[in-house]
Amino acid sequence: MTGDYNVCAEAQPESLNLLHELLQRAAGEHPDLSPADLMLFETAVIEIAGNVVEHGRPTGEVTWQFHLEVRPEQLLGRLSDNGEAYEGDLSSGVMPDVMAETGRGLAMAHLALDGLSYERAENVNHWVMSRIRH
Amino acid sequence: MELEKTIVGNAAILSCSGRLNMVAAPKLRAMVDQTVADGHARIVVDLTDTSFVDSSGLGALIGGLKVTRQAGGDLRIAGAPEQVTTVLQLTNLDRVLKSHSTPADATRDW
Numbered sequence: 491m492t493g494d495y496n497v498c499a500e501a502q503p504e505s506l507n508l509l510h511e512l513l514q515r516a517a518g519e520h521p522d523l524s525p526a527d528l529m530l531f532e533t534a535v536i537e538i539a540g541n542v543v544e545h546g547r548p549t550g551e552v553t554w555q556f557h558l559e560v561r562p563e564q565l566l567g568r569l570s571d572n573g574e575a576y577e578g579d580l581s582s583g584v585m586p587d588v589m590a591e592t593g594r595g596l597a598m599a600h601l602a603l604d605g606l607s608y609e610r611a612e613n614v615n616h617w618v619m620s621r622i623r624h
Numbered sequence: 002m003e004l005e006k007t008i009v010g011n012a013a014i015l016s017c018s019g020r021l022n023m024v025a026a027p028k029l030r031a032m033v034d035q036t037v038a039d040g041h042a043r044i045v046v047d048l049t050d051t052s053f054v055d056s057s058g059l060g061a062l063i064g065g066l067k068v069t070r071q072a073g074g075d076l077r078i079a080g081a082p083e084q085v086t087t088v089l090q091l092t093n094l095d096r097v098l099k100s101h102s103t104p105a106d107a108t109r110d111w
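Here it is in structure tokens:
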């Protein structure tokens, strides 16, 4: 069973709830989706979206769009935002020291996903996240 | 997320219900700071009704752990549901934030 879901919003902390709600809706309509897969995918999506909320510039002017595809073999998410280009190193998802208070988001997303990529095209940032279903 | 504080003996129990995310994390952190400032440096964060935690929430827990320890106390967590437990393992934070089954269990040796 496949399914497509979309949501768009301003990149504000409160709008992360829309992503939770979208994923809950997808789970409700796909009872065959493993709770563990959904939980890890949701964790990664919220970290990537949280990164856009926190670091997206110009502050207060960024909007994002999220598209979810529930495929028989995988979960595929694409988060697109109109903020400035992401300057960080996507491959630097190293888990910081246990006593660090920040810097875990990208590392958590890497661990929770099977694929994570970033590209900048036509002034839009695209984050593509995938997790193979188990 | 809703936060509720209860003082039990020499411990403060902070109960978080809902999502401990970038909206809620600063509120938890502020409550921990205020609780320590009020003289309660032994804190249990009860996560029984926490449906989701993100890296901001983890940061608030670690920040709270440091503040309580600097004041001679400790911060422990209780009742962590599966998503919280999984995220603690992913980030290796289960080494410093061991989850107790209940707040009463967490405060047993205080």
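Which chain is which? The protein sequence lines are A and B, in order.
Taking this note's numbering, the leading residue of the first sequence gets 491, the next gets one more, and so forth.
Taking this note's numbering, the leading residue of the second sequence gets 2, the next gets one more, and so forth.
Backbone N, C-alpha and C define an ideal beta-carbon position, used for all residues, glycine too.
Taking a beta-carbon distance threshold of 8 Å, Gly595/A counts as an interface residue toward chain B. In chain order, Asn22, Met23 and Val24 make up the part of chain B whose C-beta sits under 8 Å from the C-beta of Pro503/A.
Assigned with DSSP and collapsed to three states, Asp527/A falls in helix. Chain-ordered, the chain A residues with CB closer than 9 Å to the CB of Gly60/B read Ala590, Glu591, Thr592, Gly593 and Arg594. For the pair Ile14/B and Met32/B, the Cα-to-Cα distance works out to about 11 Å. Taking 8 Å as the upper bound for CB-CB distance, Asp50/B and Ser18/B are in contact here, some 4 Å apart. Three or more beta-carbon pairs separated by less than 8 Å are not found between the stretch 609–620 of chain A and the stretch 75–88 of chain B, which leaves the two stretches without contact.
Per DSSP, reduced to three states, the secondary structure at Met585/A is coil, with no helix or strand assignment. Pairing Leu569/A with Trp554/A gives a Cβ-Cβ distance under 8 Å. In this structure Leu513/A does not touch Glu537/A by the C-beta definition: roughly 13 Å separates them, more than the 8 Å allowed.
The beta carbon of Leu603/A sits closer than 6 Å to the beta carbons of Ala534, Met619 and Arg621 from its chain, once the five residues preceding and following it are set aside; these are given in chain order. Assigned with DSSP and collapsed to three states, Asn541/A falls in helix.
Between the C-alpha atoms of Ala590/A and Ile63/B there is a straight-line separation of about 7 Å. Just measuring C-alpha positions, the residue of Gln502/A, Pro525/A, Asp571/A and Gly595/A sitting nearest Asp579/A is Gly595/A. Scanning the stretch 571–617 of chain A from its first residue to its last, the whole alpha helix (DSSP H) runs of 4-plus residues come out as 595–602.
Interface residue (Cβ-Cβ distance to chain A less than 8 Å): Gly64/B is classified as such.
Inter-segment contact for the stretch 501–510 of chain A and the stretch 540–547 of chain A is present: three or more beta-carbon pairs are separated by less than 8 Å. Taking CB atoms only, Leu48/B has no neighbour in chain A less than 8 Å away. The Cβ atoms of Leu59/B and Thr69/B do not sit closer than 8 Å to each other. Per DSSP, the beta-bridge partners of Asp75/B are Arg43/B. Residue pairing from DSSP places Ile622/A in a beta bridge opposite Gln564/A. Between Ser57/B and Asn93/B, the C-beta gap is not smaller than 8 Å, which leaves the two residues out of contact.
Rounded to whole angstroms, the gap between the alpha carbons of Leu530/A and Ala539/A is 14 Å. For Gln84/B, DSSP assigns no beta-bridge partner whatsoever.
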